[in-house]
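In the order they appear, the protein sequences are chains A and B. Numbered by full-length UniProt numbering, the letters in the first sequence go through residues 1 to 384 in order. Numbered by full-length UniProt numbering, the letters in the second sequence go through residues 1 to 384 in order. Worksheet: one structure, shown below.
2 protein chains.
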Amino acid sequence: MLSMLIAQPQTMYFEAPLTTQSGASIRGYSLTYETYGRLNADRSNAVLICHALNASHHVAGVYAGQPGTEGWWDNMIGPGKPVDTDKFYVIGVNNLGSCFGSTGPMHVNPDTGKVYGADFPVVTVEDWVNAQARLLDKLGIGQLAAVMGGSLGGMQALSWTLQYPERMRYAVVIASAPNLNAENIAFNEVARRAIVTDPDFHGGHFYEHGVIPKRGLRIARMIGHITYLSDDVMNEKFGRELRGAVDGAVRSGYQYSTQDIEFQIESYLRYQGDKFSDYFDANTYLLITRALDYFDPARQHGGDLTAALATARCKFLLVSFSTDWRFSPERSREIVKGLLDNRRDVSYAEIDAPHGHDAFLLDDPRYLGVVRSYFNNMAREPRT
Amino acid sequence: MLSMLIAQPQTMYFEAPLTTQSGASIRGYSLTYETYGRLNADRSNAVLICHALNASHHVAGVYAGQPGTEGWWDNMIGPGKPVDTDKFYVIGVNNLGSCFGSTGPMHVNPDTGKVYGADFPVVTVEDWVNAQARLLDKLGIGQLAAVMGGSLGGMQALSWTLQYPERMRYAVVIASAPNLNAENIAFNEVARRAIVTDPDFHGGHFYEHGVIPKRGLRIARMIGHITYLSDDVMNEKFGRELRGAVDGAVRSGYQYSTQDIEFQIESYLRYQGDKFSDYFDANTYLLITRALDYFDPARQHGGDLTAALATARCKFLLVSFSTDWRFSPERSREIVKGLLDNRRDVSYAEIDAPHGHDAFLLDDPRYLGVVRSYFNNMAREPRT
Numbered sequence: 001m002l003s004m005l006i007a008q009p010q011t012m013y014f015e016a017p018l019t020t021q022s023g024a025s026i027r028g029y030s031l032t033y034e035t036y037g038r039l040n041a042d043r044s045n046a047v048l049i050c051h052a053l054n055a056s057h058h059v060a061g062v063y064a065g066q067p068g069t070e071g072w073w074d075n076m077i078g079p080g081k082p083v084d085t086d087k088f089y090v091i092g093v094n095n096l097g098s099c100f101g102s103t104g105p106m107h108v109n110p111d112t113g114k115v116y117g118a119d120f121p122v123v124t125v126e127d128w129v130n131a132q133a134r135l136l137d138k139l140g141i142g143q144l145a146a147v148m149g150g151s152l153g154g155m156q157a158l159s160w161t162l163q164y165p166e167r168m169r170y171a172v173v174i175a176s177a178p179n180l181n182a183e184n185i186a187f188n189e190v191a192r193r194a195i196v197t198d199p200d201f202h203g204g205h206f207y208e209h210g211v212i213p214k215r216g217l218r219i220a221r222m223i224g225h226i227t228y229l230s231d232d233v234m235n236e237k238f239g240r241e242l243r244g245a246v247d248g249a250v251r252s253g254y255q256y257s258t259q260d261i262e263f264q265i266e267s268y269l270r271y272q273g274d275k276f277s278d279y280f281d282a283n284t285y286l287l288i289t290r291a292l293d294y295f296d297p298a299r300q301h302g303g304d305l306t307a308a309l310a311t312a313r314c315k316f317l318l319v320s321f322s323t324d325w326r327f328s329p330e331r332s333r334e335i336v337k338g339l340l341d342n343r344r345d346v347s348y349a350e351i352d353a354p355h356g357h358d359a360f361l362l363d364d365p366r367y368l369g370v371v372r373s374y375f376n377n378m379a380r381e382p383r384t
Numbered sequence: 001m002l003s004m005l006i007a008q009p010q011t012m013y014f015e016a017p018l019t020t021q022s023g024a025s026i027r028g029y030s031l032t033y034e035t036y037g038r039l040n041a042d043r044s045n046a047v048l049i050c051h052a053l054n055a056s057h058h059v060a061g062v063y064a065g066q067p068g069t070e071g072w073w074d075n076m077i078g079p080g081k082p083v084d085t086d087k088f089y090v091i092g093v094n095n096l097g098s099c100f101g102s103t104g105p106m107h108v109n110p111d112t113g114k115v116y117g118a119d120f121p122v123v124t125v126e127d128w129v130n131a132q133a134r135l136l137d138k139l140g141i142g143q144l145a146a147v148m149g150g151s152l153g154g155m156q157a158l159s160w161t162l163q164y165p166e167r168m169r170y171a172v173v174i175a176s177a178p179n180l181n182a183e184n185i186a187f188n189e190v191a192r193r194a195i196v197t198d199p200d201f202h203g204g205h206f207y208e209h210g211v212i213p214k215r216g217l218r219i220a221r222m223i224g225h226i227t228y229l230s231d232d233v234m235n236e237k238f239g240r241e242l243r244g245a246v247d248g249a250v251r252s253g254y255q256y257s258t259q260d261i262e263f264q265i266e267s268y269l270r271y272q273g274d275k276f277s278d279y280f281d282a283n284t285y286l287l288i289t290r291a292l293d294y295f296d297p298a299r300q301h302g303g304d305l306t307a308a309l310a311t312a313r314c315k316f317l318l319v320s321f322s323t324d325w326r327f328s329p330e331r332s333r334e335i336v337k338g339l340l341d342n343r344r345d346v347s348y349a350e351i352d353a354p355h356g357h358d359a360f361l362l363d364d365p366r367y368l369g370v371v372r373s374y375f376n377n378m379a380r381e382p383r384t
């Protein structure tokens, strides 16, 4: 039996200003984080987990006395799990601009005494990595065993290897991409427009009006969910099955309505949208989707990804999923090729999974097995 | 040189009520239509064109003295074109519930004396076909040479062959599907929610408030456009190219803004959304996307498409496009298989085209060539 991991969020305060890529300066900010396992004597077993759009520092374990509060990657990280907290000291950190604890749009700008709202500086993947590096400094961790993330988290892991190439021995980049393509940006843009044009958005200063642009957030989340799932898994889970709008009962005949729920897939999307609009911040959504749009390490090298990746020094594991059409295997292969061009040590697993982009969060045994093996080897490797 | 085709919209009034699948009754309605070419002496050369979501009866030609008013399938239909109006008498008809001329939500319900608005009955592909059949009755056309359509228009063409199997000799079904899958319905649902939750929608009775739910229409159209284009063509046309929000100039550096236009693809989508919201009716959008959702001829046969298609008698041409992910070639092949199971005469062309779903409207020479050959053979065939 696995022992129960109890998570405990912590906060680190940073007085010194962080200069963002956009040229702004954020000072007096906090990062919320959690750690699992124990840092070993030579401080060499730390693993940093970077989160994606909708997640947070709460990566693994549960909060004491609160069942059902498992972290978003609890199937991956914990005692005896693929990233084994009996061997590794794992750090989850919430990014700047988020709405789950670290300083973000809902907090007060110390320079003005007012809530940031839409004035929170536009932050990039590179800015997040810089902020995370400062956290590691304060935790006394010079070099990570590994930096790891999926999706947008994978972009941060990749960026770590370019911004701080000597600060990790391994990088694990899952279901990610070297940049967004036009279609990815397009979906983000529609979601942002839905939020920004919601009359309750008030130019991003809705807090002071006591309202929330829930209509926009719902639409944004519905669009997101479509892109997280594969066509096949949607057909398998929902197909064209009908659902009653009133009693939730499965029906066999059409109601002929344009506004009521007719199909199960509609019910699912509305539910996801409603739930999301209850807890996610609209300004955070704009910031995080923009960070996705902007990430493009090849850009400073005239689009040459191989040149961009020349800085990396660590060993890499990349994983992609066959039915992921948001960040397709092809995009991971671009990174693999760029690293191989630079003669880096790269492992790559393309997992045949039906679940689309969401697969990186799910319990696919082959996927979890690949990560487990990689970390097992890492734990056994003599450190020089 | 091709002769210039001058189009002239006409209106046919129907006093007798049309009973819809939903059980409603629409009476005193009009259909707007156009015809091109001449009906021959034995009334055997008529081709009915069914339109998709955003189109109308104005299929071919231009309006007199109005350059730039080409019909939506003007590359396909006209003198000397693949569907040659020197040989065929082509009819374009606007569907019930549309906002381009035929009776729809913006018109007055003769039973109440009030504008229909959201109370316009939910219409289905089958209802449209029934209404189109009545138009043919009035035009004195017993049997069509062919019924033809792309996308949702292809669904109508297919439904014609099942509802009125003796009334056509050929059916041409392009970039279509035997029903929507869960992902298709999901995109429609997000678009509808964007419209319905726009505060200016007023439950579908926005006309009387003197407003238009433009925010919702813009979002709906942006989502639509993403699904009409292939990933590849989006990357080729827009990629990650930047665009200035103010002067429209192409830039090389990021502006770091969550609300301004940064990328060309954003500019394109916003433009398409704005344009659409200026001319398309919100209630019509709901009705037409619902007609798409509901179409499913196999449904009455326990999901057995072969059984559903057993009624069809005519010969078929189906065309699909390799990069169409809205209605993929696989979906056309399902129809082909169902027809072959019934020993129907089926031609099928899978065109290797980069443009995604939009390809059915574009000038691909192989595609236009296939249609041209098919109609040439049709024109030569002795009629029995």
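Note that the Cβ used here is the ideal one computed from N, Cα and C, for glycine as well.
Asn54(A) sits in coil when the DSSP states are folded into three classes, being neither helix nor strand. Contact between Tyr228(A) and Asp358(A) holds: CB atoms are separated by about 5 Å, below the 8 Å threshold. DSSP assignment within the stretch 209-288 of chain A yields the following whole alpha helix (DSSP H) runs of 4 residues or more, N-terminal first: 214-228, 231-237, 264-279. Contact between Tyr36(A) and Thr85(A) holds: CB atoms are separated by about 4 Å, below the 8 Å threshold. For Met12(B), DSSP records a beta bridge to Leu31(B). A Cβ-Cβ contact shorter than 9 Å links Ser22(B) with Tyr254(A).
With a threshold of 16 other beta carbon atoms within 10 Å, Thr11(B) falls short and is exposed. Among the residues of chain A, none has a CB under 8 Å from the CB of Asp137(B); the nearest is roughly 26 Å distant. The beta carbon of His107(B) sits no closer than 9 Å to any beta carbon of chain A.
For the 9 Å CB-CB criterion, Ser102(A) and Leu31(A) form a contact. Of all residues in the stretch 178-196 of chain A, only Asn179, Leu180, Asn181, Ala182, Glu183, Ile185, Ala186, Phe187, Glu189, Val190, Arg192, Arg193, Ala194, Val196 come within less than 8 Å of chain B when Cβ atoms are compared, listed by chain position. In terms of beta-carbon proximity, Val122(A) lines the interface with chain B, with at least one pair separated by less than 9 Å. Arg215(A) and Asn188(A) have their alpha carbons spaced roughly 16 Å apart. Following the DSSP letters along the chain, one finds Val90(B) inside the beta strand (DSSP E) bounded by residues 89-93.
For Tyr374(A), the uninterrupted alpha helix (DSSP H) run begins and ends at 365-380, by DSSP.
Cβ atoms of Trp72(A) and Leu361(A) come within 8 Å of each other, at about 7 Å. Using a Cβ-Cβ cut-off of 7 Å, Thr258(B) is close to Val122, Arg192, Leu286, Leu287, Arg290 of chain A, given in chain order. According to the DSSP assignment, Met168(B) belongs to the beta strand (DSSP E) that extends over 168-174. Not flagged as an interface residue toward chain B: Gln163(A), since no C-beta distance is shorter than 9 Å.
The closest CA to that of Arg380(B), considering only Pro79(B), Phe88(B), Glu70(B), is found on Phe88(B). Interface criterion met: the Cβ of Phe238(A) is under 9 Å from a Cβ in chain B. Take the alpha-carbon of Ala310(A) and the one of Glu350(A): they are about 23 Å apart. Asp231(A) is classed as buried because its beta carbon has at least 16 other beta carbons within 10 Å across all chains shown. For Gly149(A), no alpha helix (DSSP H) run applies; the uninterrupted beta strand (DSSP E) run containing it begins and ends at 144-150, by DSSP.
Look at Phe360(A) here: in three-state DSSP terms it is helix. Counting along the chain, the unbroken beta strand (DSSP E) around Ala349(A) starts and ends at 346-351. Taking the Cβ atoms as the reference, Tyr294(B) lies roughly 5 Å from Thr124(B), within the contact range of under 8 Å. Of the residues Ala177(A), Gly140(A), Trp160(A), Val233(A), the one whose Cα lies closest to the Cα of Thr323(A) is Val233(A). Ser22(B) belongs to the set of residues whose beta carbon lies under 9 Å from a beta carbon in chain A.
Residue-level contact by beta carbon fails for His202(B) and chain A, as no gap is shorter than 9 Å. Thr161(A) counts as buried, since at least 16 other C-beta atoms from the protein chains shown sit within 10 angstroms of its C-beta. Any Cβ of chain B closer than 9 Å to the Cβ of Ala118(A) would place that residue at the interface, and such an atom is present. The beta carbon of Glu126(A) sits no closer than 9 Å to any beta carbon of chain B. Under a criterion of Cβ atoms nearer than 9 Å, no residue of chain A is adjacent to Ile77(B); the nearest Cβ is some 31 Å distant. Within chain B, the residues placing a beta-carbon under 7 Å from that of Asn235(A) are Asn181, Ala182, ordered along the chain. Our two residues, Leu340(B) and Val346(B), have alpha carbons roughly 7 Å apart in a direct line.
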